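Please read the structure below before turning to the comments.
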Amino acid sequence: MKTFKKLALAAGIGALLSTTAMADGLVVGFSQIGSESGWRAAETSVTKQEAEKRGVDLKFADAQQKQENQIKALRGFIAQGVDAILIAPVVATGWDEVLGEAKDAGIPVVLLDRGIDASQDLYLTSVASDQVKEGAVAAQWLVDTVGDKPCTIVELEGTVGSSPAINRKKGFDDTIAAHANFTISRSQTGEFTRSKGKEVMEGFIKAEDGGKNICAVYAHNDDMMVGAIQAMKDAGLKPGTDILTVSIDAVPDIFSAMAAGDANATVELTPNMAGPAFDALEAFLKDGTVPEKFIITESKLYTQADDPAGEAERRKSLGY
Amino acid sequence: MGGISMEPMLQGRGLGKVFGAHQALAGVDIDLFPGEVHALLGENGAGKSTLIKILTGAYQPDSGAVVLEGAEVAFRDPLQAQAAGIGTVYQEVNLVPNLSVAENLYLGHQPMRWGMLNKRAMHDGAREILAGYGLEIDVRAELGSFSVAVQQIVAIARAVKLSGKVLVLDEPTASLDRAEVESLFEVIAKLKARGLAVVFITHFLDQVFAIADRVTVLRNGKLVSTQAISGLSRTDVVRMMLGKDVVFAHSPVTEIGASGPALAEFKGLGRKGSVAPFDLTLHQGEVVGVAGLLGSGRTEMARLMFGVDLADTGSISLGGPLTLRSPRQAVAAGMGFCPEDRKVDGIFGELSVRENIVIALQAKLGWFKALSRDEQDDIAGRFAEALDIRAADHNMPVKLLSGGNQQKVILARWMAIDPKLLILDEPTRGIDVGAHAEIVRTINRLREDGLALLVISSELDEVVAYSSRVVVMRDRAMVAELKGADIAPQVIVQAIAAQEAP
Amino acid sequence: MKLRVQRLITPQTIALVAVLLFNWLLFPGFFSVEWKDGRLFGSLIDVLNRGAPVAILAIGMTMVIATKGVDLSVGAVMAIAGAVAATGVESGLTVWQAVPLALVAGLLCGLWNGVLVAVLDIQPIIATLVIMVAGRGIAQLITQGFIVTFNDPSLIYIGTGSALGLPMPVLIAVALLILTTLIVRRTALGLLVEAVGVNRSAARFAGISAMSLLILVYVFSGFCAAVAGIIVAADIHGADANNAGLWLELDAILAVVIGGTSLLGGRFSIPMAVLGAMIIQAMNTGILVSGFPPQFNLIVKAGIIIAILVLQSPVASRLFKRA
């Protein structure tokens, strides 16, 4: 009942006041997966910052990697009568029932950074990055930088079979295939980890005549690239100069490497999924504007020209 | 007895079985008649379980034949024996505890209807069968939720249902209380009336006299005798089990009698549920024999004395007061112990003869005072020669040696620490004649060297030959201490068999 | 002399040589080693260097398995030790303080395992599962969920430095191998551990203090895991609580088994276990330089491991003898 009153009130007053004022007083529940990676921690802190900036009262629930915790949290939000729910779902299936309950209670739900297998009318929209595009942006930077010179690339893949590994490979390889002067000579999994990235790169260097044949390294995430940079330095090579590097995620350590001249470029997987989500929610609650079903976040490219030292500091404060 | 017909249901004729160099069973005859309860008795290693396994198809005999209702049979496995009418129930119920009672009764023979399990028929049938045993329980409940006694009856019911001619009960009463034993006996009486031949293995003499019609006694793999129980006394049975053909005189030992000064004193040592408090003093240069049947508390007593089990009463003095929390302290105080079960508690099968001999000394010396290879070779060589250990090479794994040689290796292990007191639990069981003599010789030699020895043995002739005193265990208590002229097989047998005052 | 050569021909050495030759066929430069920047450089050195952490784990694991136990926690203990060392130097400790602290963390984890196994008599696979599962959580607690990156040159030297032309991890592994083998064989520890592993009950009857020996081997295994964890963290200049040592307990167990030590306890050989670790790493490095698509990694690995274990099986050795 309370919810209904609050919604009616918000809608009624909303017609008279500015957007900011309307958002003021919104109560949004956020069910986060957990804090398994630095990026996830950054997503949490960015979401909290975005909420504060907009005057949203954010109810935060950490699911510690368990779907049952997320379902519990969602039921709690519904019982509290929040105005909207953000959820980063831990798995893709098993959401129909609880999302149905939210729908019946008239609470819009926005999915963050991961999709689910459920009817699309159970949620308002989903905000996520386009992993294929991330690979393509990385490839395009390489194409623009190298030009027409012949270039041999080695690729550090993510965990075999994982969707970011498949998609980031597809985006990159497809774009590169259109340019005849590029060849991908070796491709191996570095399992998204620093130490595997280093080990695989060591192997590549040996296999490619001490690294003299390698023109560029592409890694499916920054952690592997940080390891690969160490491997190149240990072999007496100069990453960033002798060998170009491009990777994905934009974590602080890769900016530190860029600041030191050891890395060239990274494509950001933005931790700011909440910004577009709040935009869509505010528009929807204000006048019922239905957003697109899939909001794609920007895959922004950062190079040594983008104040890497400053970026590194800024990102560390986000909890990466 | 009147119910016994003239035609035996199941016969074993001249059954023999050899394991490696060990003759486990030799020329044993046994007849089982319909409508009789036949007790099978004998100490550990007497050949009871070998005989049973041959009769129920688990082993194939090396010599002799099994005859069922007049026709010779050769079972490949217990399933075949079961189908032919011979069922077995073991001490540890071998059914499936997380299936229902009815499912256990019908496992492998479920009633079917139109290709589907007919549950109702199964439950009705199970109820009916168990009613015949005076058991009214929910047959749909998990078997494991019932007491061992009920499980045992279910196991019997299943065995009878599948077989129905001969039922072998292998120590069925070991984990039952008195009332449960009573109800089990009622069941056995009913089966007997139905004309089954029941074989009953136990080491409780009371039960033998309560239920059996005839008794067969085995010793060292050979048949001692089969007799009707009505003509026997407890003493007769014990004598058969322990060996009555005693010809040894023990005169040479009596002279040494109460020999040197007291070495070790065990006062009021006891442990609840294991052995009642006992007093025992051991002197230098004497052998104290321990006699008693299996389960009499003889091994438990030795375990308390060596610190394997912790005593909850009493005190020990061995060159000063001694509190034992582990065998390690007993060893440090100068004790050694050759356990009854060599394989489980004695030998390190994968390790070499040399390592097996030096291990206790090395443990006593500690982690960092390692015996060099030369020292090890020297010690192993010395004791292997002294005990005539027959091993091709001291570096071969001890598990490849014969039982007698393994026993000598364990003796050598303790001699290497130069002990004051040695406890030997059945040192001559299951070993060949040559090694047997060597071990008895060693016991005498160690005594002459001034050691105190406590020897547990069911070989009465042996005990009489080397002991200067004999203590008798019965019902987990020390009941007699025999000296001088009393150290005679007849006296010992009487002490073991004496009925407890009601 | 002839005897010595024969003793070197074991299924393990044959397997290692076979894997190395196979790598050479796939990548002709595999055996080339050059001197560069004051140290040796080449794929063979990579095998030694990358195999060092698992070899170190295998040294500790061999002792545990010899007692009929197993230590599943070593991977997580690596993460904990790496986290302690990295967080230590980042919060201002010197490497002389942070590294001993990390080693102590490993010893404590080992002590915990040892007490569960020896005193509380919990099955080793269950007892060590506790830290295997909870350990990464502890490591994350220490790193607060980040990959703690550090630039302390002394700590980094442990992972990437070199002396006598060889990488530090290799030297540490070799030192640990020699030291442990000497200690185990020159004192009575080896014999007593084997006795406990073969027959714990008989060991008790023979006056061996199985309890303190069991605690000792688990503590040692924890120590080895901590050393490996420090090396791995130093190698990548950072402590990655999520991934450091992930699944390496299985590689370590495999190395011990390839080395011929039975999971049933008893006879053990530390040098053979280290050889086993090298066989595993030779496969990994071979796959990297061969250029196979990564989808085949696990299949290739599985195939080779099956072949080695079949070669070692009792049936195969009987066939060999007959031939």
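Protein chains in written order, with our numbering: chain A, 28 to 347; chain R, 112 to 613; chain C, 455 to 777.
Quick reminder that beta carbons are idealized off the backbone N, C-alpha and C, glycines included.
Just so you know, these numbers come straight off a predicted model, no measurement behind them.
Own chain residues within Cβ distance below 6 angstroms of residue i, not counting five before or after
i	result
G224 of chain A	L183, G217, M251, G254, A255
S283 of chain A	A339
Q158 of chain A	P191, N194, R195
F296 of chain R	I322
G332 of chain R	Q134, A135, L136, A137, G158
I579 of chain C	V524
I576 of chain C	L570
Residues sharing a beta bridge with residue i, DSSP
i	result
S274 of chain A	A:A246, A:T293
K378 of chain R	R:S426
A617 of chain C	C:L620
L58 of chain A	The sequence given here has Ser at residue 58 of chain A, not Leu. A:A88, A:I114, per the DSSP bridge assignment.
Y329 of chain A	A:T293
I180 of chain A	A:I211, A:A243
P335 of chain A	Beta-bridge pairing links P335 of chain A to no other residue.
Q57 of chain R	Not covered by the structure: residue 57 of chain R. The range shown for chain R is 112 to 613.
Min CB distance residue i to chain A below 8 angstroms
i	result
N477 of chain C	no
G651 of chain C	no
S497 of chain C	yes
T614 of chain C	yes
Q749 of chain C	yes
L502 of chain C	no
Neighbour flag for residue i against chain C, beta carbons, 8 angstroms
i	result
E338 of chain A	no
P438 of chain R	yes
V419 of chain R	yes
G425 of chain R	no
V137 of chain A	no
Q257 of chain A	yes
G65 of chain R	The first residue shown for chain R is 112 and the last is 613, placing residue 65 of chain R beyond what the model contains.
S62 of chain A	yes
Y347 of chain A	yes
P450 of chain R	yes
E295 of chain A	no
A495 of chain R	no
Below-8 angstroms beta-carbon distance, residue i vs any chain R residue
i	result
T739 of chain C	no
R658 of chain C	yes
Residues of its chain near residue i, where Cβ-Cβ distance is below 7 angstroms and the 5 sequence neighbours each way are ignored
i	result
A520 of chain C	V647, E648, G651, T715, G719, G720, F722
T330 of chain A	N291, A292
F417 of chain R	P438, A441, M446, F448, I534
G306 of chain R	P145, G146
A234 of chain A	R213
Q191 of chain R	G168
Proximal residues to residue i (C-beta, below 8 angstroms), its chain only, five neighbours per side dropped
i	result
R382 of chain R	E411, L415, D420, L421, A422, D423, T424
A4 of chain A	For residue 4 of chain A there is no data in the structure shown, the boundaries of chain A being 28 and 347.
L482 of chain R	V469, L472, Q473, L476, I490
E537 of chain R	N155, E451, I567, S568, S569
D249 of chain A	S274, I275, D276, A277, V278, D280, I281, T293
Segment contact, 8 angstroms Cβ cut-off, at least three pairs: the region 431-443 of chain R with the region 479-499 of chain C: no
What are the residues in the region 591-612 of chain C lying within 7 angstroms of chain A by C-beta distance? G599, F600, I601, T603
Can you find at least 3 beta carbon pairs, one from the region 313-322 of chain A and one from the region 124-132 of chain R, that sit closer than 8 angstroms? no
Meets three-Cβ-pair contact criterion under 8 angstroms: the region 259-277 of chain R and the region 202-222 of chain R: yes
What residues in the region 623-635 of chain C have a beta carbon less than 7 angstroms from any beta carbon of chain A? none
With a cut-off of 8 angstroms, do at least 3 Cβ pairs link the region 596-610 of chain R to the region 698-711 of chain C? no
So, does the region 465-475 of chain R touch the region 656-668 of chain C, judging by three or more C-beta pairs under 8 angstroms? yes
In chain order, what residues of the region 684-699 of chain C put their CB closer than 8 angstroms to some CB of chain A? V686, D689, I690, H691, G692, D694, N696, N697, A698
Using a Cβ distance threshold of 8 angstroms, determine whether the region 547-557 of chain C contacts the region 603-614 of chain C, with at least three qualifying pairs required. yes
Within the chosen definition, does the region 486-493 of chain C reach the region 677-697 of chain C through at least 3 CB pairs nearer than 8 angstroms? no
With three or more C-beta pairs closer than 8 angstroms as the rule, is the region 86-97 of chain A touching the region 140-147 of chain A? no
Selection of the region 234-258 of chain A by Cβ proximity to chain C, strictly under 9 angstroms: A234, D236, G237, D250, V253, G254, Q257
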